[in-house]
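Asks: Residue numbers (this note's numbering): 1373 to 1596.
(1) Tell me where the beta strand (DSSP E) around residue 1436 begins and ends.
(2) Quick check for students: name the residue ranges of the alpha helix (DSSP H) that lie wholly in the stretch 1510-1570, counting only runs of 4 or more.
(3) Rounded to the nearest angstrom, how far is the Cβ of residue 1536 from that of residue 1530, given a contact under 8 Å?
(4) Report the partner residues of residue 1420 according to the DSSP bridge assignment.
(5) For residue 1425, name the three-state secondary structure that DSSP assigns.
(6) Going by DSSP, name the residue or residues bridged to residue 1443.
(7) Using only the alpha-carbon positions, how far apart do residue 1457 and residue 1519 sit?
(8) Which residues in the same chain as residue 1596 place their Cβ atom closer than 6 Å to its Cβ, once the five residues preceding and following it in sequence are excluded?
(9) Residue 1449 to residue 1387, Cα distance in whole Å?
(10) Just to confirm the assignment, what range does the alpha helix (DSSP H) spanning residue 1478 have?
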């Protein structure tokens, strides 16, 4: 459901659109429909498109439409015209843990001499600590099937990074897959899994019971 914000109608070239969703899984499809509807926008006209759940914004999924569509860094002045965003404790922990894995994956691409540099060593130790802390905090949350799924994603990606470190897999494979999916529209299995995990985490932060049901529904839809 598309709802131009009543206070945004007077904006000249930077316009805002709210998209109320029943589930964040619908965001990709809704965004495609909106892109098609706004394909003939005037030169210089931009749109900040903000998904809503239960009337509150989900800033991490907001996008800005200019000549093409890009993730919005923040909501800027529009934030004052919206309800406060949903708290995102689980999502933040997931992203913190995965960012640490991406750093560790990236380090494997460095020459061995650089990997042994004290600054790099400190960065590695910090990333390992951040991953373990975030993962443990996720594991300490009230258990359910979605929490188990997210821990599984992190553990699978962590195992892949360990293979990169042990030279049993191509160096930098995980971080390269994430970058390829984010910047080059070349979604890899790892990127697809990460994005799916982020969407589920956001849903859990908004409505735990609904998120668990959504995960079960998605599992039923997967091909055998």
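Virtual Cβ for every residue (Gly too), placed ideally from N, Cα, C.
Because the structure is a prediction, the values reported are computed rather than measured.
Replies: So, from the data block:
(1) Taking the first residue of the chain shown as position 1, residue 1436 is located at position 64. 1435-1437 is the span of the beta strand (DSSP E), which, as asked, contains residue 1436.
(2) Fully enclosed alpha helix (DSSP H) runs of 4 or longer: 1517-1537 and 1545-1555.
(3) Against the chain shown, residue 1536 aligns to sequence position 164. Against the chain shown, residue 1530 aligns to sequence position 158. Taking the Cβ atoms as the reference, residue 1536 lies roughly 11 Å from residue 1530, outside the contact range of under 8 Å.
(4) Position 48 of the chain shown, counting from 1, holds the residue named residue 1420. DSSP output for residue 1420 lists 1388 and 1436 as bridge partner(s).
(5) By 1-based counting over the chain shown, the position of residue 1425 is 53. It is a strand residue.
(6) Residue 1443 sits at position 71 when you count from the first residue of the chain shown. Bridge partners of residue 1443: 1435.
(7) The residue given as residue 1457 occupies position 85 in the chain shown. The residue given as residue 1519 occupies position 147 in the chain shown. Straight-line spacing of the CA atoms in residue 1457 and residue 1519 works out to 22 Å.
(8) Taking the chain shown and counting its residues from 1, one reaches residue 1596 at position 224. Since pLDDT at residue 1596 reaches only 46, below the 50 mark, its modelled position is unreliable, and no value is offered.
(9) By one-based count along the chain shown, residue 1449 stands at place 77. By one-based count along the chain shown, residue 1387 stands at place 15. Roughly 11 Å separates the two Cα atoms.
(10) Counted from its first residue, the chain shown places residue 1478 at position 106. Counting along the chain, the unbroken alpha helix (DSSP H) around residue 1478 starts and ends at 1461-1479.
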